[in-house]
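Respectively, the protein sequence lines represent chains A and B.
Numbering of the first sequence is given in the working numbering, commencing with residue 115 and proceeding in unit increments.
Numbering of the second sequence is given in the working numbering, commencing with residue 9 and proceeding in unit increments.
Glycine residues also receive a C-beta, built at the ideal position from the N, C-alpha and C atoms.
Please read all numbers here as calculations on a predicted model, not as lab measurements.
To start, the structure itself, in structure tokens.
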Amino acid sequence: MILAYSLWLSPDFTQIAAGVAIFLFGVLSLKRGFHGFTGGTLEKILRRCTDKLWKSLSFGLVSTTLMQSSSLVSVLAISFLSVGLLDLASGIGIIFGANLGTTASAWLIAGFGLKVKIANYAMPMLVFGVLLVFQKSKTFKAIGAILVGMGFLFLGIHYMKEGFSVFRDTQNLAEYAMPGIKGLLLFILIGVTTTVIIQSSDATMAIIITALSVQQITYENSLALAIGANIGTTITAILSAIGVNIEGKRLAAAHLIFNVITACVALLMMQQFIIAVDYLARVVHIAADDYTLKLAMFHTLFNVTGILLLLPFVNKLVQFIKFILKGERVSVDKPEFLNAAAMAFPDTVVLAVHQETLRLYRHARYIILKTLGFSVTRVFSEQDLQQLLLQSKVPDIYNIEAAYDRNIKGIYSAIIAFISLAGFTWEIQQSGRLYWLREASRHIVEAVKDTKHLQKNLLLMNGTSNMFVKQEYDKIRYQIAELFRELESIRIQVEQGSSDINLLSFDLFKVRIKEQDQLMNSRIDGLIREHKITPEAGTSLINDSAYMYEIKKHLVAIAETLFVKQEEIISQAQRELVLDDNELVKVIETSGNDLKGA
Amino acid sequence: MGKKKLLEKLQEFLDADQQEKIKHIQQIKKVLKKLKQKERRVQQKLELCVDTDKRVELQQELDIIYAQRMKGVNIVKQIQSL
């Protein structure tokens, strides 16, 4: 309401506000343009460019200078950190670099924007940009969005400048300027507030520089505003950190801490900075009254000082942030059977790894069944599985990722490390067993990961009103639980001394799994054909049935190694007789013909 | 070491590949024998079974065992032909 009234009241203010709006629209378009390049190239570059602190600092500097948006770079850094592609120290490096890179905007606006009629450059950019935006190619679209963004950026600056120059004739902001520390604090606050509201330090800097260029504010006030803008700019990072995990929040906190410390230093040493800027301005031949360029220099100087001050303490900063922002304490499961004593003899190593892998399997089994909405004890009870399925529902809060970190990752890593320490020194017999056990562990991890993928649509389709989709997802859940139940019965039989079960027994499961997969796919095709489900739901189902197929294949592969007592020589011969994929398909065809014949 | 023992050792060395082949065939045959026994048991079960679904399952099991046995027989033939 206030804004609308202000716009109605003052056409000059309208022009400034429109300039800000156009500038922000330019920033948005730039972001969209760069977003078009994410999903491959940008991620690869990020990963390669941030493995060392100096690299991440340079990366932040260069990318922000190129993108003209420290917010975009810090938001990207936060998202990368939250998915584990960066560590906190590298993230801080990027933020430091981005803070320095953002000062390039000030130079651009002060040195270039206010001297050249930048609207002249904006127009061709907009024309070519819009033309490219309408192209089919994603790359052209992204380039178009970047050009349009730059065009609006420059156009916005032009309008802000025009607005302020008319404003000067009627009112003089300098009259409100307050001397001394009070004035400094007030203008810092204005800088913070403005940046928080418009969420762009670049836009605030553009306003400050244009206001300064037309003497609406004093040089000292503009310095305070620049300091305020530097603090306010962290708001974008803080907002983006709301939706990410603790790592992302930590980086946003680091951003805030760095910018506040830098601001405090700039505030405390304001006079020294002014003297240093005057001196440097003389050195690089900037006119003494060219306050806009001097402001840009001040902006750069205090950010450089902040970085130089904090760079040696990055690790301390990381520790401090981790101390104040504690993540959810995850008690990671440790291996129970892998110890130095077991390492003494080849056979004990194999036994220890076997036991540990079995334990890993039990954890995975719990996680998978829990994700599918089953109670583990009930699945292995006498209760009818179909009835159990009706009673169960997919839990929407089960955090499979945390469960993986807690119960799988640690043990899996320990098994791999233990095998790599032991495996290569011994005779072929033990090494062979260890090889298969390592494979079994890998299958366990893959099964959990596939379940994680499956969970996404399972949750999405949980509340679907389409009965057919629901039925198919129930089948997915049922078939996995059923396989777990059957494999458990095999394990018990072997434990009770059944000699009937060997490696070849699992071909029966493999044939059945393949058959179920073929059946489900043809059923989904039918449902799409008959318009009982949408093609989108159908493709999701096809993907998820593929995940189910993989999960089941992994489970059988695990059981082959873990559940069967293996005499090495015989099991080698059995392995030779195990049917491959083509042979399994042939069996399915033969069985089909048998049925027709019967 | 006497001449006789030395010759025996030499013979053993020269026949190592052959011995290995024989051992390999024996192992496969051992597995094949077990498979044959299992096939008979499943066949008997199938003959006695009246439940249609169970019969389908048993028939499939038989088909699998048969395919495994054929694979084994082919492997033995291949080893022998080497």
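Nearest to P238 (chain A) by C-alpha distance, out of A:V262, A:A218, A:F254, is A:V262. Distance from the CA of R396 (chain A) to the CA of K408 (chain A), rounded to the nearest whole angstrom, comes to 10 Å. Collapsing the DSSP output to three states places T164 (chain A) in coil. Cβ atoms of L269 (chain A) and A236 (chain A) come within 8 Å of each other, at about 4 Å. Here the segment 662 to 677 of chain A lies against the segment 457 to 475 of chain A, with 3 or more beta-carbon pairs under 8 Å apart.
Of A:A390, A:I389, A:T348, the smallest CA-CA separation from F372 (chain A) is found for A:T348. If you compare the alpha carbons of A:G133, A:R643, A:M581 with that of T324 (chain A), the shortest gap goes to A:G133.
DSSP, read as helix, strand or coil, puts N453 (chain A) in coil. Proximity of G80 (chain B) to chain A, defined by a Cβ-Cβ separation below 7 Å, is satisfied. Restricted to the segment 360 to 428 of chain A, the alpha helix (DSSP H) segments that are unbroken, complete and at least 4 residues in length are 360 to 382, 384 to 397, 405 to 424, listed in chain order. Secondary structure at N513 (chain A): coil, using DSSP grouped into helix, strand and coil. The CB of Q68 (chain B) comes closer than 7 Å to the CB of V625, S705 in chain A, given here in chain order. Within 8 Å of the CB of K700 (chain A), the CB atoms of chain B belong to A75, in sequence order along the chain. Between A351 (chain A) and H413 (chain A), the CB-CB gap reaches or exceeds 7 Å. Closest option to I590 (chain A), judged by alpha-carbon separation, among A:I209, A:L535, A:S685, A:L483: A:L483. Counting only Cβ-Cβ distances below 7 Å, L691 (chain A) has contacts in chain B at V39, Q76, K79, G80, in chain order.
With respect to chain A, the C-beta atom of I83 (chain B) has a partner C-beta closer than 7 Å. Only exposed fits P125 (chain A), as fewer than 16 other CB atoms lie within 10 angstroms of its CB. When only Cα atoms are considered, E690 (chain A) and L486 (chain A) end up about 35 Å apart. Following the DSSP letters along the chain, one finds E609 (chain A) inside the alpha helix (DSSP H) bounded by residues 581 to 609. The beta carbon of I72 (chain B) sits closer than 7 Å to some beta carbon of chain A.
Bounds of the alpha helix (DSSP H) holding T60 (chain B) are 60 to 89. A residue is called buried once 16 or more other Cβ atoms fall within 10 Å of its Cβ, and H557 (chain A) is buried on that count. In the structure shown, the three-state DSSP call for T347 (chain A) is coil.
Between D658 (chain A) and N580 (chain A), the CB-CB gap reaches or exceeds 7 Å. If you check each beta-carbon in the segment 42 to 56 of chain B against every beta-carbon of chain A, the ones closer than 9 Å belong to K42, L43, K46, R49. The DSSP-derived three-state label of E664 (chain A) is helix.
The three-state reading of DSSP puts G342 (chain A) in helix, counting H, G and I together. Against E644 (chain A), chain B offers no close residue; the least beta-carbon distance is about 27 Å (beta-carbon pairs closer than 9 Å). When secondary structure is reduced to three states using DSSP, I615 (chain A) falls in the coil class, being assigned neither helix nor strand.
With a threshold of 7 Å between beta carbons, L499 (chain A) makes no contact with chain B. V58 (chain B) and Q51 (chain B) have their C-alpha atoms roughly 13 Å apart. Contact note: E697 (chain A) reaches chain B through A75, K79, using a C-beta cutoff of 8 Å and chain order.
CA-to-CA, the gap between L394 (chain A) and N417 (chain A) works out to about 15 Å. Taking a cut-off of 8 Å for Cβ pairs, the segment 491 to 508 of chain A and the segment 425 to 443 of chain A do not touch, as fewer than three such pairs fall below it.
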